[in-house]
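Heads up, the sequence shown is in the working numbering, so the first residue is 3 and it goes up one at a time. Even glycine gets a Cβ: it sits at the ideal position worked out from N, Cα and C. These notes are about the structure you will find just below.
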Amino acid sequence: MTSNVKLREIIRKIALLNALNYGGKAQPGPVLGKLLAEDPHLKTRVKEVTSIITGVVREVNKLSLDEQRRMVEEKWPAALVKEKAVVEKMLPPLPNVESYKRVVTRFAPNPDCLLHLGSARAIILCYEYAKMYNGLFYLRFEDTDPRLKKSALQFYDLIREDIMWLGCKWNAEFIQSDRLPLYYEHTEKILRDGNAYVCTCKREEFRKKVMTRQPCPCRNLTPKENVARWKHMLDGTYGEGEAVVRIKTDVDHPNPAVRDWPALRIIDTKKYSHPRVGSKYRVWPLYNFACGV
């Protein structure tokens, strides 16, 4: 195929596409513009090229619209596939964000398994919102249930690797099992201030009281008595399931789960050893307390 024959084929393709876009009638001007945009070297041959375009456009315009489309489908089917415009979607703004000094987000996995697609969604949303508002993104390992949600050492690093693979970087990292002394410090202060108590009621007995909006007897203990009970939780006097620290709320609250909710409980870590701290601690915070401190 000679150079001019190749050129005519290129022009024919451009002319046919131009015709399809304009009701079956191609225009020499736009065809020339498109051709020169694709091959600027042809600017030195404009006179010759214009003559070829005029002839090709005349031939194309003699065809019906169906014939034009059929010819393109046979020779250049890919040319009929229009690329979809890429629309960059943005996260919606956070409500009342101006009311806060800084946006702080966190991803808080329990390192007892690998991450999944749902985890990736949460990670990216938290990271991108922190980035949007020039805030902070924290990684916090919720590993304070060695009995029912036992963590495994390998998952700490695997989770870190997955977050980095997603292109997200955290500003600070917290591991809840490293913070037991801090939780203990806050617990004793709350007990001394009279805002919590150590409950030794049987679970079912307490549940009956809660459901009937009645306080359990332990609620009326003095701060001194509660601190003494707290020490017994720590030193092993109480066994697993025999005592919990409860935060004093409103026993008449419409939501039973809010009424004097449990903050810390005893776990026999000699039996259910923690992968990072072993059996060093026996009193462990529950979710709401750990998140609040």
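Among all the DSSP beta bridges, which residues are the ones paired with residue i?
{"i": "R108", "result": "Y140"}
{"i": "I249", "result": "A198"}
{"i": "R267", "result": "V246 and W286"}
{"i": "A174", "result": "Y140"}
{"i": "E280", "result": "Per the sequence presented here, residue 280 reads as Gly, with Glu not at that position. DSSP, once it has assigned bridges, lists H276 as partnering G280."}
Can you tell which of the options has its C-alpha closest to the C-alpha of residue i?
{"i": "F176", "options": "K151, E187, A122 and P111", "result": "P111"}
{"i": "H276", "options": "E144, E61 and T56", "result": "E144"}
{"i": "W78", "options": "L141, A17, I125 and Y102", "result": "A17"}
{"i": "L34", "options": "Y24, V48 and G25", "result": "V48"}
{"i": "E40", "options": "I13, G238 and E69", "result": "I13"}
Cα separation between residue i and residue j?
{"i": "A253", "j": "R284", "result": "In the sequence as displayed, the identity of residue 253 is Val instead of Ala. Computed Cα separation, rounded: 28 Å."}
{"i": "V99", "j": "T107", "result": "12 Å"}
{"i": "K204", "j": "T189", "result": "21 Å"}
{"i": "F291", "j": "L266", "result": "7 Å"}
{"i": "T224", "j": "I269", "result": "25 Å"}
{"i": "H255", "j": "Y185", "result": "26 Å"}
{"i": "P287", "j": "C128", "result": "25 Å"}
{"i": "Y24", "j": "K91", "result": "32 Å"}
{"i": "A162", "j": "A245", "result": "The question names Ala, but residue 162 is Arg in the sequence shown. If I take the Cα positions, the gap works out to 36 Å."}
{"i": "K8", "j": "V83", "result": "23 Å"}
{"i": "G280", "j": "K191", "result": "26 Å"}
{"i": "P183", "j": "G294", "result": "15 Å"}
Do residue j and residue i have their beta-carbon atoms positioned less than 8 Å apart in this structure?
{"i": "V200", "j": "N228", "result": "yes"}
{"i": "R194", "j": "L138", "result": "no"}
{"i": "R248", "j": "P264", "result": "yes"}
{"i": "L168", "j": "A132", "result": "no"}
{"i": "K2", "j": "N63", "result": "Past the edges of the chain, shown from 3 to 295, lies residue 2, and the structure says nothing about it."}
{"i": "L116", "j": "L67", "result": "no"}
{"i": "L150", "j": "I165", "result": "no"}
Can you say whether residue i is buried or exposed, counting buried as having 16 or more other CB atoms within 10 angstroms of its CB?
{"i": "K15", "result": "buried"}
{"i": "K320", "result": "The requested residue 320 does not occur in the structure, where the chain is confined to residues 3 to 295."}
{"i": "T146", "result": "buried"}
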